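Protein chains in written order, with this note's numbering: chain Y, -2 to 381; chain F, -2 to 381; chain U, -2 to 381; chain X, -2 to 381.
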């Protein structure tokens, strides 16, 4: 009897961060993958990623819409509730033996709550990290609901233990995103034109003399300032005079503010070297990042994948506050001047050395193996 | 500007355990109470407690149905999700400054998730305790979502700190349920007839020669065994030959099994001295418990309020496993023989000494004072 | 390519009323049945009928909990809303070519709304009838949402046309419940003991000298009076001095009132010849009805199936007001005296002649054939 | 005791079409208005109209998010379900005596279903009309759920009667939108600059030499073609060489297709004389329409308000198929050539004569008066 492993993929970054684990689960003789595609992964507006998922050879077991329009604090809460309701029905019909949930998004919490109440063991990937905002609360709440823990770093694993989890259930696997980074680092050539392959809007510049990548998400607890925050980045990136490969933010409270800030900047005829993308296949995206002169914004990619890739990162604001980082990261506030200074410093340095902080590139197979062999007991208690 | 304090009351025990805090909030010059009545508190079948709430002088700010029929694991998950969705709308309309959530039920989690995503500070009463079942996970998950912590015991407070909460946010207040126990211990006479005042079904025995109180809830992670578990209790209580004041279980996965076990026992003409109640006003209930020869089952009342009251308690099964207890508690498995032996031992001992393990009877005013004066910051991070 | 036909079964009576159509769909070479089991069909408390469904050889494509606890007017509305949300996800995953919805319950409306918005053609069985209460509104609203109409009677079909539906979409098929009645009328012997086969509570009387069947549901728009209404029936049935085979009511606003009325009557030691059942397989139930001296209450079985069976029916109150009826029905108000008088008159008459008012026993195959051959166009407009 | 009248406002057009009735209800001595703001009325992306509502002097009794992201057929169904669930809670807390629901959107159906199940009388404004698409089904389903009918036209009223509604409940009041049109026709000067007052994006042309207004919504049952349909309009409007005041479509399945079609057209540097608005106050909008040379698209404004205003309308496609229309309307398919020909014909004709087809401008006060005086009985039955 193969163990049935249900996983929910909901957004561009969470797919990239679990993809090698999904592949390893799919290929494992003792496991059967049940892939649920939900939320913004189904939405055109955020780059319907279900097509990439299917192209990668995964079969979709169920699809479900759970995102409430509004992109504000109220609708984030409601989407979580709706996710729990719908996932409970889906789990009841799929009858998984274990549910894998990734990181700290509202779908992560929704999966964990639904499974925990249904006595389905929960395996949590990327727990124990320390950051800012609501993600911090959600991540640790999921740890307390989960049965198995697959943290990315040694520190994260220790933090999970200190929170009272049983050492027999905590396995430091590294992050599956680093598995992809390893593949890219071995074979880094940018063999495709991002403009031709992914369309998007804006200028199709010559990339051969260098470019930057920008990815800045709204900060949930400060969503009204989203628009003014993005303006500092817009100014600084334009001042660099390099082509910018700019990615639209996740569906989240505050993303309307960011989108509007960008649109108004462009209406004024500014940002002439910017090109905007919704989405890319994870490997293409990492190649684009690898070959860039820097990644700018507040995505954890700059800290996580780029620690392995060595790409310089300018990390803006406190979204990643508390997260462990390597030497490739310079932290700055929402200030165009400080962003520019950080870029100058990075451009002088060039690529940084490979760092195994977030993993050695074998996380996916390790996670699959633990899912196949670990004891899936459902009773748990704080260890102190 | 008074701080608006929203609280959700959903069930008989959670009302009793927060009532003195609600009164203290209502009376505090700097606080305004927003009472939300939900879930089984609105259901006749579980003793519609909204009438007691209004009789106690509270005004209901909103009422909402969130319990899915089925009383199984799937519907517990779905009720949680529905609770989040509905509470988000209610919070959006009431605009509270802080949300108080109690203990570890699914409504507790629903309140905490909705408020956390909406950037409304969450105050958690009765966190940090250690028990069995899904409650354990939910309680600690709520701790990780919460901003202020009002644990009942010193140990619980220390556990919350070890989980990484900021010491400036943790206040050991004692449990508000002990405030009621203190009132009852000062004025313990059973001045009412439970049969006349509360109806219910079964025999109305003479209570002057002693009686027992029974309250046994389903154990969520083992719900199919609910019926066989209740049978051990039914046998042992009948064997004691004392009148039994028996309370129907909470709405929860497994409660149908218990109800059916009881009905079948009675169809056989057994349990002649049993009388069944849905509900009682908290003070009446505690007086009934105070004057009983023992409380039997798996309710935390036997451990919590009875530590202060000194009433002997027979605690069955692992529902309260890990919870701190005083000398008044004898733990037994689901065995009619062991329940009987424990009763014999308790009857020989009589009332135990008052123990301040769960508080000194001043929790409600302390909680209100902290709600009025504490810093309600919304950013938080694990302390290690 | 076989047409995929999704149908939702939610309750004891709706299953009996669609069963022969389900069988005919399953057996039709051009159709594929997608059976969704929902709502009270999954609840133990109302006689979990999913076991009968599977025993009848149907495979369940999806199961979903949609009933909110409370059994009042608010929760009926909310269950409808929840049903729409959940069924939309299920339809999105099953991708049916047509959705069959039966009669006038809230699940009927939920199916029709979900399918209509999703551009999935809706086939409505048992539309066009005229009754009292909220069912009347729901039934006709479903007619206006539906694409194909399979009314049971000639009058119902004419009513659908007068409401502006296209004659090319209206097919008077008879009611599938009559298909079962026909089987029973051909082979009516009561070859089983209802007490042994179905358990239940109450006295197991000797049935050889006659008995009555009772089935009385709450009347939604008058739910607070449910309890007093059931008392008239309890008095009259006891006065008949015949054994009574009594069925618990549907999950609906008001059913708590009925259940409580019955329990209190029994607590007083009355109704000694009553036996209470949750549920029976449809054929067994109709055999029990066929062999009874009368059916009492407000179920449409007394009017519909019994027109064919010839069993005398005492129809109480206005739940069936407006519904076409044969000579086997005597209508009475909620009065024990008038119920007794009607029974006396029926007992004097005995069985009535077979009447084809609600069909000739071939409805199921007719419906399947129309589903296979009808044009499933999705544009429609009122004909005037 | 004043009757409490709950009304849900959810979108730009439904607010404009009920505004004078809301004012008349608010001013009526025997009525109390309970205004619920929901769905896209709360969304920035569709021109958060709650600010206009409050500026117009209305107090918001409750606000609720019910729109699922996705803007496809599945999410329309789910938003309806979510609307019913949430509105049931809101009605339970507000306890209205009657619920007013307008036209044929999913919120209309959600309000009607929630209220009907809760035994709250439903008053339906703008029922009985005949159009294309899902709106047709929803409108007539609402008629079958409603207790009071306030159709706009004589024909619509007759259609409602033919559907079996009781003549004592049907009142031809005219459409409240015509009340606004009457005010505008009396005082038509365009005293504001739309660009200054409402911002928006695109060119701010000189309007003194004429301009057109464009408003084209997705057609639900054909949503994948939305994008190609809008292209015909874009081409034709550009060819007219007149400034175009263009309004973004409603939140609906298919609106993403329209938005994308528009954005791509503009990315190509076309539509140089177009200016895009999200929203306008109803009176400003009608003044803009009154002074335009034509209104183009598929909004019912062209048919309804413009019959009174006399503004030439080019009605594209079948969204308004079946709706009664005056001489000011030319119907065309999705063809840029035919749109251009219709414009030529209209420009040659100029303004048409005032037509009272949709009302005489007194609908709001009439509706309020009927709400105050009508018998609000809750039992109903089809009349045949």
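The beta-carbon is built from N, C-alpha and C at its ideal position, and this holds for glycine as well.
Note that the structure is a prediction, hence the values are computed from the model and not measured.
Residue i to residue j span [Cα, whole Å]
i	j	result
residue 345 of chain Y	residue 160 of chain F	43 Å
residue 218 of chain U	residue 116 of chain X	At residue 218 of chain U the pLDDT is 48, less than 50, meaning the model places this residue with poor confidence; the figure from the coordinates comes in the next sentence. One C-alpha to the other measures close to 7 Å.
residue 45 of chain U	residue 158 of chain F	47 Å
residue 208 of chain Y	residue 260 of chain X	26 Å
residue 213 of chain F	residue 125 of chain F	23 Å
residue 123 of chain X	residue 15 of chain X	10 Å
residue 256 of chain F	residue 264 of chain U	17 Å
residue 270 of chain X	residue 235 of chain X	8 Å
residue 225 of chain Y	residue 295 of chain Y	15 Å
residue 227 of chain U	residue 104 of chain U	26 Å
residue 102 of chain Y	residue 113 of chain F	13 Å
residue 210 of chain X	residue -2 of chain U	47 Å
residue 79 of chain F	residue 3 of chain U	26 Å
residue 85 of chain U	residue 311 of chain U	40 Å
residue 206 of chain X	residue 339 of chain X	19 Å
residue 358 of chain X	residue 24 of chain X	17 Å
residue 143 of chain X	residue 76 of chain X	21 Å
residue 100 of chain U	residue 297 of chain U	11 Å
residue 299 of chain U	residue 69 of chain U	25 Å
residue 280 of chain F	residue 302 of chain F	11 Å
residue 30 of chain F	residue 282 of chain F	25 Å
Cβ neighbour criterion (16 or more within 10 Å) applied to residue i
i	result
residue 186 of chain X	exposed
residue 27 of chain U	exposed
residue 196 of chain F	exposed
residue 141 of chain U	buried
residue 374 of chain U	exposed
residue 48 of chain Y	exposed
residue 389 of chain F	Here chain F comprises residues numbered -2 to 381, so residue 389 of chain F is not present and cannot be evaluated.
residue 190 of chain X	exposed
Range of the contiguous alpha helix (DSSP H) that encloses residue i
i	result
residue 116 of chain X	Counting along the chain, residue 116 of chain X falls outside any alpha helix (DSSP H), and DSSP gives it neither H nor E.
residue 18 of chain X	16 to 24
residue 262 of chain Y	252 to 264
residue 344 of chain X	333 to 346
Boundaries (first-last residue) of the beta strand (DSSP E) holding residue i
i	result
residue 312 of chain X	310 to 313
residue 367 of chain Y	Segment 360 to 370 is the alpha helix (DSSP H) holding residue 367 of chain Y; no beta strand (DSSP E) there.
residue 177 of chain U	Careful: residue 177 of chain U lies outside any beta strand (DSSP E), inside the alpha helix (DSSP H) at 173 to 183.
Cβ shell of residue i (< 8 Å), same chain only, five flanking positions each side left out
i	result
residue 50 of chain X	6, 12, 32, 34, 38 and 57
7 Å CB neighbourhood of residue i in its chain, flanking five on each side removed
i	result
residue 381 of chain U	161
residue 319 of chain X	127, 128 and 129
residue 62 of chain Y	39
residue 81 of chain F	107, 110 and 111
8 Å contact criterion, which residue i and residue j should meet: CB distance rounded
i	j	result
residue 304 of chain X	residue 354 of chain X	5 Å
residue 361 of chain F	residue 17 of chain F	3 Å
Residues of its chain near residue i, where Cβ-Cβ distance is below 6 Å and the 5 sequence neighbours each way are ignored
i	result
residue 156 of chain U	125
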